[in-house]
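**Student:**
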Amino acid sequence: MGQKKLIKFAAIKQYENVLENPQAMPGKWNSFFEKLAIGPYPISLDELSVIKNNTTTNHSAIKPLTLELACGRGEYAVGLARMFPNQNFLGLDIKGNRIWKGASIANKEGIHNVAFVRTQIDQITNYFDTNEVAEIWVTFPDPQLRLSKAKKRLTHPKFLRLYQQFLQPGGIVHLKTDSPNLYLFTKTVIELFELTVITATDNLYETAFVQSNQWNEKLSIKTYYEGLNIASSNRIHYIQFKIDKDLPIAKDEILKELIAEFEVTETHDAKRERTLPKTEE
Ligand SMILES: C[S@@+](CC[C@H](N)C(=O)[O-])C[C@H]1O[C@@H](n2cnc3c(N)ncnc32)[C@H](O)[C@@H]1O
122 MGQKKLIKFA
132 AIKQYENVLE
142 NPQAMPGKWN
152 SFFEKLAIGP
162 YPISLDELSV
172 IKNNTTTNHS
182 AIKPLTLELA
192 CGRGEYAVGL
202 ARMFPNQNFL
212 GLDIKGNRIW
222 KGASIANKEG
232 IHNVAFVRTQ
242 IDQITNYFDT
252 NEVAEIWVTF
262 PDPQLRLSKA
272 KKRLTHPKFL
282 RLYQQFLQPG
292 GIVHLKTDSP
302 NLYLFTKTVI
312 ELFELTVITA
322 TDNLYETAFV
332 QSNQWNEKLS
342 IKTYYEGLNI
352 ASSNRIHYIQ
362 FKIDKDLPIA
372 KDEILKELIA
382 EFEVTETHDA
392 KRERTLPKTE
402 E
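Per my numbering, the sequence shown starts with residue 122, numbered consecutively.
Structure follows, in structure tokens:
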């Protein structure tokens with residue numbers, strides 16, 4: 122492993138705003154962010170109070186929590202934290218050297234309403250209590266184009282069922298991607314499970330969309346991968362939807378058949394799969 126990566130890994134171990142596979146955190150995130158803002162440090166996770174996010178709780182004391190999945194350097198987590206100081210944001214990713222970037226910026230700027238969890242997204246239900254999360258952003262996740270890898274797509278129903286375990290009723294998921302295939306796949310999932318679409322566009326920055334009432338300032342945040350324009354399409358796809366229905370496992374077989382019918386041609390995505398180095402950065 123390179124020297125630079127080792128230095129970043131060592132740094133995040135000291136950061137209060139980075140947790141690696143933290144245990145016993147469900148229900149504690151509101152208390153965690155209170156401590157992050159004022160100390161004392163180091164924060165003892167065992168001593169944080171658990172707040173049940175149910176109807177009997179005083180909701181005014183609880184700040185909405187938004188996640189950025191596959192956050193990489195965490196541009197969305199940090200950008201949203203700047204925009205909404207009265208809400209809390211968590212970026213999740215497996216790569217510590219990428220998380221280091223966002224966590225370092227937050228530390229430097231004194232932004233205390235954003236933190237990061239280093240983990241596999243598959244483990245996500247270990248970290249949150251029922252109703253603890255208000256919204257999820259999935260930003261430029263790996264499109265996992267091979268059919269055999271469809272279950273690794275972060276908008277596969279397998280993952281949506283995990284998110285549903287801790288999202289508030291009507292909780293919103295945002296997907297931003299440069300991959301037309303991942304966008305189409307996600308739309309197929311949404312239609313099959315009859316979820317509610319709030320906004321969908323295959324060209325986020327076209328003038329008509331930017332000038333429409335569906336545009337908002339959150340959409341202007343740009344991530345590192347967005348800037349790379351790997352798909353060479355110059356088209357960012359965006360879909361905002363609610364996981365507001367049951368997601369019966371029986372329908373996964375139908376999904377498998379539907380996506381097998383997608384013709385995988387020499388799209389930008391196919392090119393991306395061939396040319397993207399295994400370990401970027
Ligand atoms: C293409 S990068 C996008 C990073 C960032 N969102 C951006 O737009 O610049 C995809 C990120 O997803 C992370 N990732 C992919 N699968 C993951 C998983 N199962 N669990 C955690 N992180 C994952 C990778 O480590 C990588 O940082």
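Each residue gets a CB set at the ideal place from its N, CA and C atoms; glycine is no exception.
Report the three-state DSSP secondary structure of K216 (helix, strand or coil).
**Tutor:** coil
**Student:** Can Q241 be considered in contact with ligand 1, in the sense that its beta carbon sits closer than 6 Å to one or more heavy atoms?
**Tutor:** For ligand 1, at least one heavy atom lies less than 6 Å from the Cβ of Q241.
**Student:** Report all residues from its chain with a CB closer than 7 Å to the CB of N148; omit the five preceding and five following residues, and keep chain order.
**Tutor:** Checking the displayed sequence, the identity of residue 148 turns out to be Gly instead of Asn. Only V171, I172, K173, D250, E253 meet the Cβ criterion.
**Student:** Quick one, are the C-beta atoms of Y304 and H358 less than 7 Å apart?
**Tutor:** yes
**Student:** To the nearest angstrom, how far is the alpha carbon of V259 from that of D365?
**Tutor:** 17 Å
**Student:** Comparing C-alpha positions only, which one of R356, N334, L316 sits nearest to R282?
**Tutor:** L316
**Student:** In this structure, how does DSSP classify T176 when only helix, strand and coil are distinguished?
**Tutor:** Residue confidence for T176 is low, a pLDDT of 48 falling below 50, so the modelled location carries little weight; the figure read from the coordinates is stated next. T176 falls in the coil class under three-state DSSP.
**Student:** Looking at C-alpha atoms only, which residue of F153, L275, P369 is the closest neighbour of K297?
**Tutor:** L275
**Student:** Below 7 Å CB to CB, which residues in the same chain sit around T203 once its five sequence neighbours on both sides are set aside?
**Tutor:** Rather than Thr, the amino acid found at residue 203 in this sequence is Arg. Cβ neighbours of R203 within its own chain (closer than 7 Å, five residues either side excluded): I232.
**Student:** Let me make sure I understand the geometry here. Which of Y248, Q244, I215, F153 has the alpha-carbon closest to that of V235?
**Tutor:** Nearest of Y248, Q244, I215, F153 to V235, Cα basis: F153.
**Student:** So, using beta-carbon positions, are T240 and L213 closer together than 7 Å?
**Tutor:** The Cβ atoms of T240 and L213 lie closer than 7 Å to each other.
**Student:** Below 8 Å on the Cβ atoms is my guess for I380 versus K308; work out the distance and round it to an integer in Å.
**Tutor:** That belief does not hold up - the Cβ atoms of I380 and K308 are roughly 11 Å apart, past 8 Å.
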